[in-house]
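K.L.:
For the sequence shown, the numbering used here begins at -19 and goes up steadily by one.
We put the CB at the ideal spot given by N, CA and C, even for glycine.
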Amino acid sequence: MGKPLNIALLCHPTVGGSGILATELGHRLADLGHEIYLISERPPFRLRNDHPRIHFCESTPVEFPLFKSPDHTLPLATRIAEVCANHHIDLIHAHYAIPHTAAAWIAKELIGKAAPPIITTLHGTDIIYLGAMEEYRPLLQHVLQASDLVTCVSRNLKERTEQLFQLDAEIEVIPNFFEPKPITRSREDIRASLDVGDGVLAIHASNLRSIKRIDLMLDAFKIAISRCDVKLLILAGADTDRIRPEIEKRDIESHVRIVDDVYEVDNYYAASDFTLYTSEYESFCLGILEGMRHGLPSVSFAVGGIPEVVVHDKTGILVPFGDVDLLSESIAQLTENRDRRKEMGALAKARAEKEFSAETIVDSYLGAYQKVLGLS
Ligand code: GMT
């Protein structure tokens, strides 16, 4: 390792892939001897705050009678500048451009000549949805161009970014990685708690945002249970009340289990048989990768960066977006053919370990840091 760095990491604390990735990157970097100053509204849910080299720096949104909503971005910018000044920060790594890259850019203006470089990692909706909005686009163009390096979690996201923004510097693709966690509850225990017996169990873990197209997933699942014996486990951080009526409307309650506020997702992946995703866009889909690491093949639509994670017919089944019938057929195929499921699962695990291990990906981020700091 080169000289230990002082790194300011910015991320959203909410349940979502970008926060998970940033937090796990922070843990890995701290284990390697770097000092991590994680700046966010509250501790991200996976943060190990007991690590001696992880320093959580809270940034509190300001409420004021004249403001209709609390202001998050400007206090964040001020906090970043303060952390940089007090801790000799070598570089700022902003995960999710809005508002983090904009706040980092303001902080840099505040600090002046001594300001550290900014690396921005784009995660998906910061570009696909927010980035395309006229309320953000000109500002994003400016602050992305001002970043010392922009990285994307897939080639697809890089292409989508290049379609929207003109950046002089090449965008680097650094895929996501998985962080293995110990299994703390047995498969039997989890399955007993879910009352699913030993039948085939599909798992979907997400924040259930509308982009996840839970409607299509439930439609496909309803058809699938008329063809085979399968159950569906939905793991969600919050907002599960919204989907319960959708499940009742389709009369599939007896086949669906919902667990909310769950943070130890690995136990549930290890107790399941394949992952199921029906998003209309995913820059990467960390949930599929987390399943792969537990030997689970996937069934999903072939959108965004998912085909870079999943090899069709080898590690999972990819279906054209919106083809609910083919999706339900694929669910039935995996459910009924245990050998195929196991074979694909083994290939999925091997691919996760070869292409998306923490060691390889953290090394790529360290290479990027060295590059912006002029150390390589
Ligand atoms: O998908 C979400 O709702 C969460 C979102 C986020 O920003 O936290 O996830 C995005 O980043 C993840 C980590 O890079 C990717 O695995 C997800 O595919 C990506 N989500 C979308 O592109 C919709």
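1. Is S263 near the ligand GMT, in the sense that its beta carbon is under 8 Å from a heavy atom of that ligand?
2. How big is the Cα-Cα spacing for S259 and A94?
3. Assuming V63 and I19 are in contact, meaning their beta carbons sit under 8 Å apart, how far apart are those beta carbons, in whole angstroms?
4. Could you tell me the boundaries of the beta strand (DSSP E) in which N(-14) lies?
5. Leaving out five residues before and five after S186 in sequence, what residues of the same chain have Cβ atoms less than 7 Å from its Cβ?
6. Rounded to whole angstroms, what is the Cα-Cα separation between V304 and I194?
7. Are at least three pairs of beta-carbons, each pair with one atom in the region -9 to 1 and one in the region 28 to 48, less than 8 Å apart?
8. Less than 8 Å separating the Cβ of Y349 from some heavy atom of the ligand GMT?
9. What first and last residue would you give for the beta strand (DSSP E) that runs through T255?
10. Taking 8 Å as the cut-off, does the region 146 to 156 touch the region 211 to 231 (at least 3 CB pairs, one atom from each stretch)?
11. Quick check: the Cα distance between E244 and G92, rounded to an integer number of angstroms?
12. Identify, in the order they occur along the chain, each residue of the same chain with its Cβ nearer than 6 Å to the Cβ of L(-10), setting aside the five sequence neighbours on each side.
13. In the region 74 to 115, which residue ranges form an unbroken alpha helix (DSSP H) of at least 4 residues, counting only runs that do not cross its ends?
14. So T131 is in the beta strand (DSSP E); what residue range does that whole segment cover?
15. Verify whether the separation of the beta carbon atoms of C132 and S263 is less than 9 Å.
16. Can you tell me whether S134 is buried or exposed, with buried defined as 16 or more other CB within 10 angstroms of its CB?
P.N.:
With the given structure in hand:
1. yes
2. 43 Å
3. 6 Å
4. N(-14) to L(-10)
5. K192, A216 and G267
6. 12 Å
7. no
8. no
9. F254 to Y257
10. no
11. 42 Å
12. I19, A74 and H80
13. 77 to 91 and 105 to 108
14. L129 to C132
15. yes
16. buried
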